[in-house]
Amino acid sequence: MSNDFRPKSDFLVTLQERGYIHQCSDLAGVDEKAKAGELVAYIGFDCTAPSLHIGSLVQIMMMRWLQKTGGKPVPLMGGGTTQVGDPSGKDESRKLLSLDQIGANKEGIKQVFAKFLTFGEGKTDAFMTDNAEWLGALKYIDFLREVGRHFSVNRMMAMDSVKMRLERDQELSFIEFNYMCLQAYDFVELNRRHGINLQMGGSDQWGNIITGMDLGRRMGRPQLYALTSPLLTTASGAKMGKTASGAIWLNADMLPVYDYWQYWRNTEDADVGRFLRLFTELPMDEIRRLENLGGAEINEAKKILANEATAMLHGREGAEAAADTARKTFEEGVLASSLPTIEVTQAEYAAGIGMLTAFVKAGLVPSTGEARRQIKGGGLRVNDVAVSDERALLAASDLTAEGVVKLSLGKKKHILLKPV
RNA sequence: GGGGGAAUGUCCCGAGCGGCAAAGGGGGCGGACUGUAAAUCCGCUGGCUACGCCUUCGCAGGUUCGAGUCCUGCUUCCCCCA
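The numbering used here puts the first residue of the first sequence at 10, with every later residue one more than the last.
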């Protein structure tokens, strides 16, 4: 979209060569601000879950690059807007979250930013904001008179998020219809309060961001800018961050570090280069070398991707531990005691745990019925030996030298069962 | 306000003469082949103390030996008329 523009600022050069840019209201304008070190940008995050997942990582990385190249990033918690609900990209409205839930989610989400950004009082230091601060205090009539009058319903009806619902005959409630007004107002308010002049976000936010830019102009604010990142899908078309077993959460208490590492390790060949650019900070020539590895050698690139991406979020140590666990498990075929482990009491173990129950307990299968089916298909293994008798009990003889039993579903998912 | 239509396996779409644990897809999981990849092929895709038992077709009743299927009321959604 913007490939013919040749930016001069470190910020845009980096974003462009790494593939972060989908649309921008004014590349030249942003470039100038960035070069002058005057870029203050925010990205809003709705508090709909207790943790962000990989889907938000591109946005977080954009803020990280902004900070590294002399700009000031401002994460905005959607403490207010989450109470309303963003209709963008959703084909049906979701239920309203309670205030308690939103508050709890907010606390969970906040944590992750400290790992990617430097907070403080300095010029490029990040600080946290929450739109509940100003949205919560709004008076309806005042808001309508001061802000609402600048919105054209005609234009709002033409926006993708609205049009989609109307075309499919799906309900769009009035409260959701107001979402874009509030987000637009956020942009203006953040400019007033903190001099923020750029809003970034995923491509699904383009309409909302532009609306805010426009509102700023109508309300006499200085020029505001919009920049969005492409919506990420894997090469086979799946949405990023969603796997069968659930979303790839960023918070460690929602997803073990090992699983996070594994997610990156299992990247499709065709995605390796793109992901290295977006989710690591390796130099570009190194990335070009890695993505051109042929055949099985590309696995080396995947390991580096996993290490780098995991280290950024969970620290170098956590990444190395995960890599080590994976190496033992997949390459050396030895038992890694660092695999995710669940514990049972000695007494419970001695009393005899049924095969089916053990796998359910380990969380590898959701029900004994599923365990039965997997056994029939040869999908369950105990200490790497396929289970054939669903009625067998785990015995003392199943314990390895380390005093654990390794339960596996398929080739990739392993859990240790440990009597304590 | 009047008339017509729709709701199905809690991932989604979607068939379903009164005998149905309910066709077919998609997705997902597992197996084979590989490189912890993709593509391809095969199997599975309600629960359980399991040759049997239990719970499912918007909700609540009714008819029937038997109801997703018929009747009544209700809820929600869509379409046409006013």
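For glycine and all other residues, C-beta sits at the position ideal for the given N, C-alpha and C.
{"Asked": "Leaving aside the five residues before and after A37 along the sequence, list all residues of the same chain whose C-beta is less than 8 Å from its C-beta, in chain order.", "Found": "F14"}
{"Asked": "Please determine, among A404, H423 and A167, the residue with the shortest C-alpha to C-alpha distance to E357.", "Found": "A404"}
{"Asked": "Pull up the DSSP beta-bridge partners for V49, would you.", "Found": "K81"}
{"Asked": "For the structure I just gave you, are there three or more beta carbon pairs, one from the segment 299 to 309 and one from the segment 333 to 347, closer than 8 Å?", "Found": "no"}
{"Asked": "As a quick exercise: from T78, M137, D393 and R297, pick the residue whose alpha carbon is nearest that of V343.", "Found": "D393"}
{"Asked": "Can you look up R390 in the DSSP assignment and give me helix, strand or coil?", "Found": "strand"}
{"Asked": "Looking only at its chain, what residues have a beta carbon closer than 8 Å to the beta carbon of T90, apart from the 5 residues adjacent to it on each side?", "Found": "G53, D55, N140, L144, Y188, L191, Q192 and D195"}
{"Asked": "Closer than 7 Å to a non-hydrogen atom of the ligand PLP - does that hold for the CB of T78?", "Found": "Among the ligands in the structure shown, none appear at all, so the ligand PLP cannot be discussed."}
{"Asked": "Can you name, in chain order, every residue of its own chain whose Cβ lies under 7 Å from the Cβ of G388, other than the five neighbours on each side?", "Found": "L418 and G419"}
{"Asked": "Determine the DSSP secondary structure at M10, reduced to helix, strand or coil.", "Found": "Caution is warranted here: a pLDDT of 47 is assigned to M10, below 50, making its placement in the model unreliable, and the coordinate value is therefore given only provisionally. Looking at M10 - three-state DSSP - the assignment turns out to be coil, as it is neither helix nor strand."}
{"Asked": "Measuring straight from C-alpha to C-alpha, what distance separates N316 and L75?", "Found": "23 Å"}
{"Asked": "Does DSSP classify T237 as helix, strand or coil?", "Found": "strand"}
{"Asked": "For S34, is the classification buried or exposed, using 16 other Cβ atoms within 10 angstroms of its Cβ as the cut-off for buried?", "Found": "buried"}
{"Asked": "Classify K119 as helix, strand or coil using the three-state DSSP reduction.", "Found": "helix"}
{"Asked": "Identify the continuous alpha helix (DSSP H) that holds G282 and give its terminal residues.", "Found": "V281 to F288"}
{"Asked": "In whole angstroms, what separates the C-alpha of L66 from that of R297?", "Found": "22 Å"}
{"Asked": "Entirely within the segment 331 to 400 and at least 3 residues each: give me those beta strand (DSSP E) ranges in chain order.", "Found": "350 to 353 and 389 to 391"}
{"Asked": "Three or more C-beta pairs under 8 Å: does that hold for the segment 16 to 27 against the segment 67 to 86?", "Found": "yes"}
{"Asked": "Is the number of C-beta pairs between the segment 235 to 244 and the segment 256 to 274 that are closer than 8 Å three or more?", "Found": "no"}
{"Asked": "Would Y51 pass as a contact of V93 if the rule is Cβ separation under 8 Å?", "Found": "no"}
{"Asked": "Going straight from the alpha carbon of M263 to that of A43, what length do you get?", "Found": "36 Å"}
{"Asked": "Please look up how many angstroms separate the CB atoms of Q355 and P428, rounded, as I've assumed it's under 8 Å.", "Found": "5 Å"}
{"Asked": "To which residues of the same chain is P59 closer than 6 Å at the C-beta, ignoring the five residues directly before and after it?", "Found": "N114 and G117"}
{"Asked": "Below 7 Å CB to CB, which residues in the same chain sit around K17 once its five sequence neighbours on both sides are set aside?", "Found": "D40 and K44"}
{"Asked": "If you draw a straight line from the C-alpha of A410 to the C-alpha of S346, how long is it?", "Found": "11 Å"}
{"Asked": "I need the straight-line Cα distance from G386 to I63, nearest angstrom please.", "Found": "32 Å"}
{"Asked": "Under 8 Å by Cβ, that's how I've got G211 and Q68 pegged, so tell me the actual separation to the nearest angstrom.", "Found": "6 Å"}
{"Asked": "Buried or exposed for G87, please, with buried defined as at least 16 other CB atoms from any protein chain shown within 10 angstroms of its CB.", "Found": "buried"}
{"Asked": "Under the assumption that M364 contacts V396 (Cβ atoms under 8 Å), give the Cβ distance between them as a whole number of angstroms.", "Found": "6 Å"}
{"Asked": "Distance check for T57 and S107, CA to CA, integer angstroms please.", "Found": "10 Å"}
{"Asked": "Between the C-alpha atoms of A256 and Y267, what's the straight-line distance to the nearest angstrom?", "Found": "15 Å"}
{"Asked": "Could you name the residues that DSSP lists as bridge partners for D139?", "Found": "M86"}
{"Asked": "My guess is that L373 and K422 are in contact by the Cβ rule of under 8 Å, so how many angstroms apart are they, rounded?", "Found": "6 Å"}
{"Asked": "Taking the straight line between their C-alpha atoms, what separation do you get for R154 and K148?", "Found": "10 Å"}
{"Asked": "So K370 and I351 are in contact, right, with Cβ under 8 Å, and what is the actual spacing, rounded?", "Found": "7 Å"}
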